[in-house]
Amino acid sequence: MKPQKWDSENISDQKGKVVIVTGSSSGLGFETAKVLANKNATVIVAVRNELKGNAAVKQIKMENPNADVRVMSVVLPVLFS
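At position 25 of the sequence shown (counting the first as 1) the number is 25 in the numbering used here, and the numbers step up by one without a gap.
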């Protein structure tokens, strides 16, 4: 069986969906948040460092001014954060 090529173009429109992406201030988390924002999802950038989260949101919005991206400060080992 031939492996199928998959990329972000395979993601359908996410309008009306809310997604939380952890670790989204850099790396894979950031790229995931950016792709989902470009697919019209409301993206919650869940980060430990709010300054880095705000920088990530700013960068995403520079590329896509209509993106609905928000920062949420979380510490995953602390469930009530």
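Think of the CB as a built atom: it goes at the ideal place given N, C-alpha and C, for glycine as much as any other residue.
Note that the coordinates shown come from a computational prediction; the quantities given were computed from them, not determined experimentally.
Given residue i, which residues of its chain have a CB within under 6 Å of its CB, disregarding the five upstream and five downstream residues?
i   : result
D68 : T42
V47 : S25, G53
N38 : N64
I60 : K34, A37, A67, V69
Within the continuous beta strand (DSSP E) that includes residue i, where are the two ends?
i   : result
M72 : 68 to 73
I20 : 18 to 22
Can you tell me whether residue i is buried or exposed, with buried defined as 16 or more other CB within 10 angstroms of its CB?
i   : result
L76 : exposed
L36 : buried
K5  : exposed
V18 : exposed
K58 : exposed
K2  : exposed
Go ahead and pull the three-state DSSP assignment for residue i.
i   : result
A41 : coil
Starting from residue i, trace the alpha helix (DSSP H) in both directions and tell me its first and last residue.
i   : result
I60 : 50 to 63
Who are the Cβ neighbours of residue i in its own chain at under 8 Å, not counting the five residues just before and after it?
i   : result
A55 : S25
What whole-angstrom Cβ distance do residue i and residue j have, given they're in contact under 8 Å?
i   : j   : result
I44 : M62 : Contact doesn't hold; Cβ gap of about 19 Å is too wide.
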